[in-house]
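In the working numbering, the protein residues as written are 9 to 323.
Using N, Cα and C, we set each Cβ at its ideal position, and we do this for glycine too.
All of these numbers come straight from a predicted model, not from anything done at the bench.
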């Protein structure tokens with residue numbers, strides 16, 4: 009049995025399994041307190057792994073970490089959400105604490121591997137996975153094998169810069185189509201329209217009159233009710249994401265693009281259908297009709313399944 013660990017900015021998950029996409033023998037979920045930094049997460053991992061080792065014959069650990077990592081050296085490069093991870097030697101720490109070998113990978117790559125092997129992409133040879141949430145990440149799988157697994161950054165679709173004028177590293181696809189980018193666009197549109205506009209008033213009601221608390225979910229709820237401004241805001245985000253996915257398909261000729269993450273929970277009408285239309289508009293015309301854009305199949309445990317596969321493959 010292997011142990012798969014997901015380390016995110018808001019949650020920590022540890023699952024024991026065979027690494028073949030089958031059911032987990034046990035799953036432990038814990039919330040992440042960002043104020044405690046990396047030390048708080050490490051304490052939670054130590055407590056949980058000690059507990060799981062006592063119940064299961066764990067042979068090694070696979071990690072899906074929320075940030076760039078050096079897989080070859082078993083070292084975290086950094087986290088963009090939780091302080092204290094810079095240069096952390098995860099492999100050495102796990103050997104000292106648990107006496108177990110590890111494979112350290114990125115969480116989006118773990119999700120990509122799991123969906124390609126066991127989930128929505130299992131019937132396709134070339135699969136690109138995209139997660140759209142607080143940020144936008146990507147992972148590329150060919151015949152069940154993660155590509156550029158030894159690179160600290162690969163398939164980073166969210167960091168594409170739309171347009172030749174996007175010289176600022178912050179002007180990325182992520183800034184336009186991830187959750188915070190959609191919320192920022194909504195606040196800017198509200199400011200432009202003025203608070204006396206009936207459409208603006210409806211959005212203000214949704215967020216209790218405090219624009220700083222406006223969320224993608226609230227924009228989506230308004231759009232689902234026919235709110236024209238909200239639909240336009242989401243449409244622009246989908247257009248940017250569709251452009252980015254079209255570039256990936258044009259370059260790699262992928263057979264399936266699996267799109268998950270919190271923003272994708274807006275659903276078929278507000279997210280997947282317009283996204284497919286924009287991808288079709290921007291992709292190299294001979295490739296139209298050669299690919300599918302799909303929702304993920306493995307739910308909240310997807311990174312754990314990918315981390316287990318990391319361990320099984322690498323150890």
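| Item | Value |
| --- | --- |
| Per-residue burial, residue 123 [other beta carbons within 10 Å of its own, 16 or more giving buried] | buried |
| Rounded straight-line distance, which links the Cα of residue 156 to that of residue 163 | 8 Å |
| Limits of the unbroken alpha helix (DSSP H) element including residue 103 | 98 to 106 |
| Buried/exposed call for residue 18, threshold 16 Cβ in 10 Å | exposed |
| Option nearest residue 275 by Cα separation, candidates 194, 73, 318 and 225 | 225 |
| Simplified DSSP assignment, three categories, for residue 144 | strand |
| Beta-bridge pairing of residue 38 - partner residues as DSSP gives them | 20 |
| Check whether residue 14 and residue 72 have beta carbons under 9 Å apart | yes |
| Reduced DSSP category for residue 83 - H, G, I as helix; E, B as strand; rest coil | strand |
| Proximity below 9 Å, CB of residue 245 to CB of residue 70 | no |
| Residue nearest to residue 32 in terms of C-alpha spacing, selected from 42, 21, 272 and 40 | 21 |
| For residue 39 and residue 59, the rounded distance between their alpha carbons | 17 Å |
| Contacting residues, own chain, Cβ-Cβ under 7 Å from residue 102 (five flanking each side not counted) | 69, 108 and 110 |
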